[in-house]
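Chains as they are written, first to last, in our numbering: chain A, 270 to 467; chain B, 23 to 479.
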């Protein structure tokens with residue numbers, strides 16, 4: 270997994286609530302057998318018309334906004350467990366998604382792919398959207414080590430929570446499988462005990 | 023200390039806890055299908071490791087499969103490749119595959135219970151959010167991503183943070199024409215699409231206890247639609263009766279039932295959140311918007327609220343605030359999906375359409391959840407009732423639930439669907455989905471419009 274420490278870039282605002290993973294990547298694009306290339310179809314039906322021309326009013330097609338941070342509304346990533354949603358966002362080039370509230374499975378999937386989900390307060394989320402609208406080139410700084418997100422133009426900051434284990438994984442690029450494989454003996458001991466009980 | 027049903031099962035499966043981190047949870051059964059596994063197997067191959075406990079993994083092909091002429095090669099190359107990749111991976115890793123042509127093939131959340139693989143007290147995962155279905159048996163079951171599928175294949179364990187505890191009580195007697203699907207759509211409409219996020223939900227109360235196992239599966243299936251990690255219902259005589267004599271039910275059944283009977287929440291156990299609903303308040307439900315919480319009782323009207331999400335949804339659906347949905351013409355009816363494709367759903371649907379004709383303006387797709395259900399429906403003569411009504415019994419699969427296989431609803435068309443999601447484009451680009459029960463779907467199939475099923479029974 271890619272390591273993550275600190276990032277400072279402009280951002281792309283998608284100020285909508287309850288964005289489900291069917292919108293992030295529709296099911297008809299889940300047919301690949303590798304993890305690559307899903308970014309092309311990120312938000313496919315919001316981004317493209319049926320003739321593959323761009324929908325100009327969608328934020329990803331608006332040249333005013335750019336950067337590696339996607340700022341989204343509440344309950345982002347609800348619905349299907351498809352990890353392809355996290356792959357698509359990461360493959361498109363985003364490294365961070367900021368929301369006041371993420372759906373559970375999406376959040377886990379993001380963390381397992383080096384895409385940092387930053388949970389901010391509803392008030393800070395509003396500040397972010399307002400500031401980005403006012404000044405689209407505003408840079409956002411996300412410092413994972415110190416767990417701080419900052420709007421650099423205004424110096425408004427907030428600290429964010431992350432599970433310490435997951436933080437270590439993100440900073441070092443470790444994945445859960447390496448860790449779980451290292452526990453093989455414990456798992457076997459558990460199985461022996463468990464089979465006796467049931 | 024008093025514990026909940028969820029805690030009893032969870033605690034029995036914790037291999038170890040990481041300080042300030044998640045817990046290592048042992049997984050008893052792992053269901054897999056063709057869409058969310060190829061990258062996981064590729065990960066194992068890259069690491070040069072095999073599946074740790076292949077006998078605890080069960081595979082089927084369901085998402086990508088056609089529901090007609092299943093024994094012919096799949097037409098679409100990418101779908102065919104995914105299904106072929108699953109066959110190859112199962113062969114290489116010694117995993118039992120109930121693939122196309124196998125008498126046990128079907129939707130992953132339908133075949134697990136009907137084969138008796140799903141049992142009380144187990145931990146069950148699958149790379150599919152509707153894995154919550156299996157919680158109906160008193161199991162902890164939840165959907166996972168592909169990286170987590172790889173974890174489970176490699177280690178039979180998963181890293182998880184213990185969710186919070188919620189209980190939803192539904193007491194009282196259900197009215198005429200009101201089914202499990204209406205209960206869960208009603209609950210979601212009250213709690214919202216994110217109200218359960220971070221929680222594992224236990225469903226309890228007299229109305230829940232009165233439900234069949236199939237109906238309980240419908241309830242637990244849609245737990246994810248309020249954001250919950252899963253749903254669970256304490257096993258009881260109805261559960262044990264369902265599991266008796268299933269293909270993979272335990273040999274020492276009576277002995278095991280004694281243990282299963284211990285699986286219940288202690289009287290003085292405390293939940294982090296609790297909701298109470300009265301069954302008498304629930305009517306046949308229908309959704310009007312683009313998430314499953316946008317639902318109303320059939321006699322209600324679309325809410326008149328100033329809300330950007332509602333406005334976007336109504337624009338997509340071409341509905342207005344304050345509108346009643348009764349009498350609205352529809353184009354498609356879909357009976358199927360892991361929510362409502364079991365025998366009880368088929369019997370209910372057929373009880374209403376028997377001796378009647380499909381409305382001319384409607385296309386009806388009837389898709390059984392499994393090969394066994396298809397066979398049983400034929401044995402009971404339901405295929406004849408359907409064909410007499412101008413409807414066709416197709417072959418098992420996820421079908422029109424998710425716009426991935428050949429069964430897609432065309433843009434702009436309205437579909438009354440017994441599935442679980444009405445997201446934009448879920449059933450096909452531009453498709454407009456109205457979620458409802460099999461009975462409401464049957465009423466629409468014969469009248470050609472949205473109809474309060476209570477006027478027909």
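All residues carry an ideal CB built from backbone N, CA and C; glycine is no exception.
Continuous beta strand (DSSP E) stretch holding residue i: start and end
{"i": "residue 354 of chain B", "result": "354-357"}
{"i": "residue 369 of chain A", "result": "Run containing residue 369 of chain A: none; DSSP gives neither H nor E here."}
{"i": "residue 136 of chain B", "result": "Element bounds for residue 136 of chain B: not the beta strand (DSSP E) but the alpha helix (DSSP H), 130-136."}
{"i": "residue 302 of chain B", "result": "Where residue 302 of chain B is concerned, there is no enclosing beta strand (DSSP E), given that its DSSP letter is neither H nor E."}
{"i": "residue 277 of chain A", "result": "275-278"}
{"i": "residue 313 of chain A", "result": "Careful: residue 313 of chain A lies outside any beta strand (DSSP E), inside the alpha helix (DSSP H) at 313-316."}
{"i": "residue 385 of chain A", "result": "385-388"}
{"i": "residue 411 of chain A", "result": "409-412"}
{"i": "residue 164 of chain B", "result": "162-165"}
{"i": "residue 457 of chain B", "result": "454-457"}
Spatial distance of residue i from residue j (CA atoms)
{"i": "residue 424 of chain A", "j": "residue 384 of chain A", "result": "24 Å"}
{"i": "residue 450 of chain B", "j": "residue 296 of chain A", "result": "9 Å"}
{"i": "residue 127 of chain B", "j": "residue 471 of chain B", "result": "34 Å"}
{"i": "residue 408 of chain B", "j": "residue 275 of chain B", "result": "38 Å"}
{"i": "residue 413 of chain B", "j": "residue 402 of chain B", "result": "16 Å"}
{"i": "residue 202 of chain B", "j": "residue 420 of chain B", "result": "20 Å"}
{"i": "residue 84 of chain B", "j": "residue 416 of chain A", "result": "42 Å"}
{"i": "residue 431 of chain A", "j": "residue 169 of chain B", "result": "19 Å"}
{"i": "residue 364 of chain A", "j": "residue 357 of chain A", "result": "11 Å"}
{"i": "residue 323 of chain A", "j": "residue 331 of chain A", "result": "10 Å"}
{"i": "residue 386 of chain A", "j": "residue 342 of chain A", "result": "12 Å"}
{"i": "residue 59 of chain B", "j": "residue 368 of chain B", "result": "30 Å"}
{"i": "residue 345 of chain A", "j": "residue 282 of chain A", "result": "13 Å"}
{"i": "residue 185 of chain B", "j": "residue 289 of chain A", "result": "21 Å"}
{"i": "residue 435 of chain B", "j": "residue 353 of chain B", "result": "6 Å"}
Reduced DSSP secondary structure (H/G/I, E/B, other) of residue i
{"i": "residue 157 of chain B", "result": "helix"}
{"i": "residue 483 of chain B", "result": "Not covered by the structure: residue 483 of chain B. The range shown for chain B is 23 to 479."}
{"i": "residue 152 of chain B", "result": "helix"}
{"i": "residue 87 of chain B", "result": "coil"}
{"i": "residue 126 of chain B", "result": "coil"}
{"i": "residue 60 of chain B", "result": "helix"}
{"i": "residue 347 of chain A", "result": "strand"}
{"i": "residue 438 of chain B", "result": "strand"}
{"i": "residue 437 of chain A", "result": "helix"}
{"i": "residue 53 of chain B", "result": "strand"}
{"i": "residue 287 of chain A", "result": "coil"}
{"i": "residue 346 of chain B", "result": "strand"}
{"i": "residue 308 of chain A", "result": "helix"}
{"i": "residue 477 of chain B", "result": "helix"}
N- and C-terminal bounds of the alpha helix (DSSP H) containing residue i
{"i": "residue 169 of chain B", "result": "168-177"}
{"i": "residue 43 of chain B", "result": "Unbroken run through residue 43 of chain B: none, as it is neither H nor E."}
{"i": "residue 385 of chain B", "result": "No alpha helix (DSSP H) contains residue 385 of chain B, which is instead part of the beta strand (DSSP E) from 385-388."}
{"i": "residue 317 of chain B", "result": "Careful: residue 317 of chain B lies outside any alpha helix (DSSP H), inside the beta strand (DSSP E) at 317-319."}
{"i": "residue 331 of chain B", "result": "330-339"}
{"i": "residue 366 of chain B", "result": "365-375"}
{"i": "residue 542 of chain A", "result": "Since the first residue shown for chain A is 270 and the last is 467, residue 542 of chain A is missing from the structure and cannot be characterised."}
Assumed close pair residue i, residue j - CB separation to whole angstroms, cut-off 8 Å
{"i": "residue 413 of chain A", "j": "residue 436 of chain A", "result": "6 Å"}
{"i": "residue 480 of chain B", "j": "residue 89 of chain B", "result": "Not covered by the structure: residue 480 of chain B. The range shown for chain B is 23 to 479."}
{"i": "residue 141 of chain B", "j": "residue 265 of chain B", "result": "7 Å"}
{"i": "residue 139 of chain B", "j": "residue 360 of chain B", "result": "Their Cβ separation, rounded to whole angstroms, is 15 Å, which puts residue 139 of chain B and residue 360 of chain B out of contact at 8 Å."}
{"i": "residue 402 of chain A", "j": "residue 420 of chain A", "result": "In fact, because the Cβ distance is near 12 Å, the residues do not count as touching under 8 Å."}
{"i": "residue 147 of chain B", "j": "residue 35 of chain B", "result": "Actually they do not touch by this definition, with Cβ atoms about 11 Å apart."}
{"i": "residue 418 of chain A", "j": "residue 427 of chain A", "result": "6 Å"}
{"i": "residue 355 of chain B", "j": "residue 389 of chain B", "result": "No, residue 355 of chain B and residue 389 of chain B are not in contact; Cβ-Cβ is about 11 Å, not under 8 Å."}
{"i": "residue 353 of chain A", "j": "residue 299 of chain A", "result": "5 Å"}
{"i": "residue 82 of chain B", "j": "residue 133 of chain B", "result": "6 Å"}
{"i": "residue 374 of chain A", "j": "residue 167 of chain B", "result": "6 Å"}
{"i": "residue 473 of chain B", "j": "residue 460 of chain B", "result": "Not quite, the Cβ-Cβ distance comes to about 14 Å (not below 8 Å), so this is no contact."}
Residue i CB to nearest heavy atom of the ligand PLP below 8 Å
{"i": "residue 448 of chain A", "result": "Ligands are entirely absent from the displayed structure, and the ligand PLP is therefore not among its contents."}
Beta bridge counterpart(s) of residue i as assigned by DSSP
{"i": "residue 188 of chain B", "result": "B/223, B/295"}
{"i": "residue 211 of chain B", "result": "Beta-bridge pairing links residue 211 of chain B to no other residue."}
{"i": "residue 82 of chain B", "result": "B/120"}
{"i": "residue 426 of chain A", "result": "A/419"}
{"i": "residue 47 of chain B", "result": "B/36, B/180"}
{"i": "residue 340 of chain A", "result": "A/282, A/367"}
{"i": "residue 471 of chain B", "result": "B/351"}
{"i": "residue 193 of chain B", "result": "B/300"}
{"i": "residue 7 of chain B", "result": "Here chain B covers residues 23 to 479 and nothing more, so residue 7 of chain B does not appear."}
{"i": "residue 147 of chain B", "result": "B/52, B/164"}
{"i": "residue 323 of chain A", "result": "A/317"}
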